[in-house]
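These protein sequence lines are chains U and D, in that order.
If you're matching positions, the first sequence starts at 22 in the working numbering and goes up one per residue.
If you're matching positions, the second sequence starts at 22 in the working numbering and goes up one per residue.
No residue lacks a Cβ here, since even glycine has one placed at the ideal position from N, Cα and C.
Reading through the structure tokens given below for one structure.
Protein chains: 2
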Amino acid sequence: MKPMFTIEDLQQLVVDRLIQEARRIGQTQPVNLYQPIEYTLNMGGKRLRPAMLLMACDLFGGDVDQALNAAVAVEVFHNFTLLHDDIMDLADIRRNQPAVHKKYNENVAILSGDAMSIMAYQYLLKTESPAIQKITQLFSKTAMEVCEGQQYDMDFENQTSVSINDYLEMIRLKTAVLIAGSFKMGAQLAMAPDADADRIYGFGISLGLAFQLQDDLLDVFAEQVKFGKKTGGDILANKKTFLLLKALELANPEQKVQLNHWLNRKDFNPQEKIAAVKKIYTELNLQEISRQKSDEYYQSALKELQAVEAEINRKEPLILLAKTIMKREH
Amino acid sequence: MKPMFTIEDLQQLVVDRLIQEARRIGQTQPVNLYQPIEYTLNMGGKRLRPAMLLMACDLFGGDVDQALNAAVAVEVFHNFTLLHDDIMDLADIRRNQPAVHKKYNENVAILSGDAMSIMAYQYLLKTESPAIQKITQLFSKTAMEVCEGQQYDMDFENQTSVSINDYLEMIRLKTAVLIAGSFKMGAQLAMAPDADADRIYGFGISLGLAFQLQDDLLDVFAEQVKFGKKTGGDILANKKTFLLLKALELANPEQKVQLNHWLNRKDFNPQEKIAAVKKIYTELNLQEISRQKSDEYYQSALKELQAVEAEINRKEPLILLAKTIMKREH
Chain U
22 MKPMFTIEDL QQLVVDRLIQ EARRIGQTQP VNLYQPIEYT LNMGGKRLRP
72 AMLLMACDLF GGDVDQALNA AVAVEVFHNF TLLHDDIMDL ADIRRNQPAV
122 HKKYNENVAI LSGDAMSIMA YQYLLKTESP AIQKITQLFS KTAMEVCEGQ
172 QYDMDFENQT SVSINDYLEM IRLKTAVLIA GSFKMGAQLA MAPDADADRI
222 YGFGISLGLA FQLQDDLLDV FAEQVKFGKK TGGDILANKK TFLLLKALEL
272 ANPEQKVQLN HWLNRKDFNP QEKIAAVKKI YTELNLQEIS RQKSDEYYQS
322 ALKELQAVEA EINRKEPLIL LAKTIMKREH
Chain D
22 MKPMFTIEDL QQLVVDRLIQ EARRIGQTQP VNLYQPIEYT LNMGGKRLRP
72 AMLLMACDLF GGDVDQALNA AVAVEVFHNF TLLHDDIMDL ADIRRNQPAV
122 HKKYNENVAI LSGDAMSIMA YQYLLKTESP AIQKITQLFS KTAMEVCEGQ
172 QYDMDFENQT SVSINDYLEM IRLKTAVLIA GSFKMGAQLA MAPDADADRI
222 YGFGISLGLA FQLQDDLLDV FAEQVKFGKK TGGDILANKK TFLLLKALEL
272 ANPEQKVQLN HWLNRKDFNP QEKIAAVKKI YTELNLQEIS RQKSDEYYQS
322 ALKELQAVEA EINRKEPLIL LAKTIMKREH
């Protein structure tokens with residue numbers, strides 16, 4: 022079998038292709054529809070999902086070049102969801118740049134997002150594969166689930182009681198299925214057996230959950246410099262993360278009063294609120310509990326990968342990827 | 022060959038299926054995502070586009086039952102575009118009911134629209150056909166063009182000079198391609214030869230343009246009772262229709278001053294503005310000029326249909342459909 026690509030090789034392949042596509046898109050008429058798409062695709066990001074698709078394709082001996090359109094499809098879709106989410110979440114900044122609805126306006130953001138969703142299908146449908154209908158069905162199911170995840174996330178804002186299971190299901194839909202779907206699409210493009218395609222999907226789900234739990238943790242406990250953005254955002258927004266939900270579950274009466282006080286207070290000093298909530302999280306040992314939960318998912322991800330029928334050395338890039346996105350040294 | 026379905030048969034088939042699907046969708050979780058889709062699909066409408074798809078399928082001897090998922094896809098997509106257009110156009114009423122962004126809220130309208138667009142693909146991809154990839158590509162191209170049409174329409178609002186060709190290209194994209202695409206998808210499902218699929222597409226484009234020109238005309242000159250909605254809306258909104266653009270082209274200096282006066286005036290009595298602009302249209306014989314233009318397209322639609330390789334009597338439902346939507350007696 023041919024030597025495998027590194028993650029960096031694959032990310033570079035995707036980046037090069039996206040630059041080329043974004044340029045072409047930006048020159049298409051009507052410019053008010055297509056330039057915001059060029060702007061969005063040029064915002065950057067780690068291009069992890071398309072790289073994951075290509076890695077899974079490579080793992081099963083598929084042709085990475087033939088999978089590139091599907092990889093672009095996944096990235097275009099992901100960027101479409103960010104674009105529309107930013108309208109819904111009133112988020113004005115994305116990757117240190119004005120969000121599309123701020124740089125242009127809301128109508129532009131709605132319509133160019135709609136066009137990106139369709140464009141994702143157009144890239145996918147350029148793919149030549151006997152499995153194209155099955156792959157496009159998986160892509161659609163995944164896309165639908167991402168919408169469901171976003172809806173649950175918005176629902177939770179106005180819901181007083183959210184269980185930890187509800188939360189895990191929400192992040193499964195909003196984050197994990199697109200990672201898992203990218204892996205599985207890559208496997209299907211390589212004509213991997215269904216059982217293995219399902220295992221690599223399972224790997225993606227567990228990895229996605231592990232990653233999101235860790236991201237929630239970093240939002241509170243990271244050193245700001247390493248994290249790259251301000252910490253405490255979730256606390257200020259009363260976001261119902263694993264940490265908050267677990268805290269409400271474990272808190273003693275006094276801690277519960279304190280937590281509810283900060284959740285309900287309209288007028289506060291942001292740093293004071295962050296410090297107070299963080300103090301309760303620390304008292305409840307939540308950094309450790311949350312790390313353990315994330316680690317559970319990480320371990321079951323690796324187990325799923327182990328079960329995949331492929332030479333052990335071909336799995337190394339995927340193990341390395343998992344370590345990298347979990348920021349683990351070992 | 023088996024006897025053909027009437028338009029009414031096919032509309033009924035679509036209506037029955039949509040009722041069933043809407044009920045199922047409305048019971049899906051999360052309800053805040055899916056109930057607005059049920060609401061939208063239950064708003065009614067003539068279901069012309071899905072019926073057109075089935076008619077073309079029937080014309081070429083295809084299996085109408087097997088084409089039903091594709092027909093539903095086209096209708097779901099069409100309703101998605103109406104839903105998002107209503108947000109962008111600040112339109113609060115759709116088919117005498119509150120628009121989704123009014124009945125629920127804007128975020129709900131954005132996200133459930135996004136989900137409908139994906140759902141349209143899900144229906145289409147249920148279709149079993151050797152041509153499924155080609156058909157899904159045509160559907161995507163059409164969907165993209167509808168977005169382009171909507172963008173041009175919004176662009177024209179802020180553009181001082183719009184040519185009649187610009188306008189015709191806009192309505193081709195915004196209205197005609199989905200009609201044409203529906204016909205062609207039906208033809209492809211029936212495995213019609215490419216040349217015939219292209220001819221039925223051409224039939225749809227010309228018919229769509231004829232219909233839109235007539236609709237613009239009715240917006241000004243219809244008897245309100247027959248038209249079913251208030252006339253003069255386009256005049257009040259300064260919509261750059263064929264009538265207005267042609268009027269600006271043909272007007273004498275005095276008429277041009279009058280027209281520009283009404284276009285620029287911020288404060289006016291609506292009935293007075295409608296009457297004044299309508300008077301200029303009448304002086305310029307625009308009712309006749311516009312009717313002629315629409316008739317040109319109608320005739321070339323029939324010509325395209327004539328060129329289709331099929332028994333003449335199998336084309337009769339399509340000729341009848343064309344007459345019906347053009348409200349013609351002969």
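- DSSP places residue 38 of chain U in the helix class (H, G or I) of the three-state scheme.
- Residue state for residue 33 of chain U is assigned as helix, using DSSP reduced to three classes.
- Around the C-beta of residue 341 of chain U, fewer than 16 other C-beta atoms lie within 10 Å, and the residue is accordingly described as exposed.
- Among the CB atoms of chain D, none fall inside 9 Å of the CB of residue 47 of chain U.
- Spanning the alpha carbons of residue 336 of chain D and residue 343 of chain D requires a straight line of approximately 11 Å.
- Taking each of U/122, U/270, U/81, U/255 in turn and checking the Cα distance to residue 185 of chain U, the smallest one comes out for U/270.
- Put simply, the segment 201-209 of chain U does not touch the segment 232-242 of chain U. Fewer than three CB pairs are less than 8 Å apart.
- Rounded to whole angstroms, the Cβ separation of residue 233 of chain D and residue 295 of chain D is 20 Å, and the two are not in contact under 8 Å.
- Classified as exposed, residue 309 of chain U has fewer than 16 neighbouring CB atoms from the shown chains inside 10 Å of its CB.
- The beta carbon of residue 192 of chain U sits no closer than 9 Å to any beta carbon of chain D.
- For the segment 166-181 of chain D, the residues whose beta carbon sits under 7 Å from a beta carbon of chain U are, in order, 168, 169, 171, 172, 173, 175, 176.
- The secondary-structure analysis by DSSP pairs residue 115 of chain U across a beta bridge with U/118.
- Residue contact check for residue 162 of chain U against chain D: a CB pair falls below 9 Å.
- Take the alpha-carbon of residue 141 of chain D and the one of residue 169 of chain D: they are about 19 Å apart.
- The segment 64-78 of chain U makes no contact with the segment 175-190 of chain U; the number of CB pairs closer than 8 Å stays below 3.
- Under the Cβ distance rule, residue 266 of chain D does not count among the residues neighbouring chain U, no pair being separated by less than 9 Å.
- By the beta-carbon neighbour count (other beta carbons within 10 angstroms, threshold 16), residue 130 of chain U is buried.
- One alpha carbon belongs to residue 325 of chain U, the other to residue 148 of chain D, and they sit about 33 Å apart.
- With fewer than 16 other Cβ atoms from the protein chains shown falling within 10 Å of its own Cβ, residue 289 of chain U counts as exposed.
- For the pair residue 100 of chain U and residue 163 of chain U, the CB atoms are not nearer than the 9 Å cut-off.
- For residue 156 of chain D, there are no neighbours in chain U by C-beta distance under 8 Å, as the nearest C-beta there is about 10 Å away.
- Burial state of residue 345 of chain U is exposed, judged by a 10 Å Cβ sphere holding fewer than 16 other Cβ atoms.
- Contact annotation for residue 136 of chain U against chain D: 165, 168 [CB-CB distance below 7 Å, chain order].
- The three-state secondary structure of residue 140 of chain U, taken from DSSP, is helix.
- Among the CB atoms of chain U, one or more fall inside 9 Å of the CB of residue 105 of chain D.
- When the five nearest sequence neighbours on each side are left out, the beta carbons in the same chain lying within less than 6 Å of the beta carbon of residue 321 of chain U are those of 227, in order along the chain.
- Using a 10 angstroms sphere on the CB of residue 293 of chain D, the tally of other CB atoms stays under 16, which defines it as exposed.
- Distance from the CA atom of residue 50 of chain D to the CA atom of residue 73 of chain D, rounded to whole angstroms, is 32 Å.
- In this structure, residue 175 of chain D sits away from residue 90 of chain U, with a CB-CB distance that is not shorter than 9 Å.
- Sorting D/268, D/152, D/96, D/39 by C-alpha distance to the C-alpha of residue 183 of chain D places D/268 at the top.
- Linking residue 305 of chain D to residue 181 of chain D through their CA atoms gives a straight-line distance of about 21 Å.
- Contact note: residue 185 of chain U does not reach chain D at a C-beta cutoff of 7 Å; the least C-beta distance is about 18 Å.
- Taking the beta carbon of residue 64 of chain D as reference, no residue of chain U falls within 8 Å; the closest one sits roughly 20 Å away.
- About 5 Å separates the beta carbons of residue 59 of chain U and residue 46 of chain U, which is inside the 8 Å limit, making them a contact pair.
- With a cutoff of 9 Å on beta-carbon distance, residue 87 of chain D and residue 159 of chain D are scored as not near each other.
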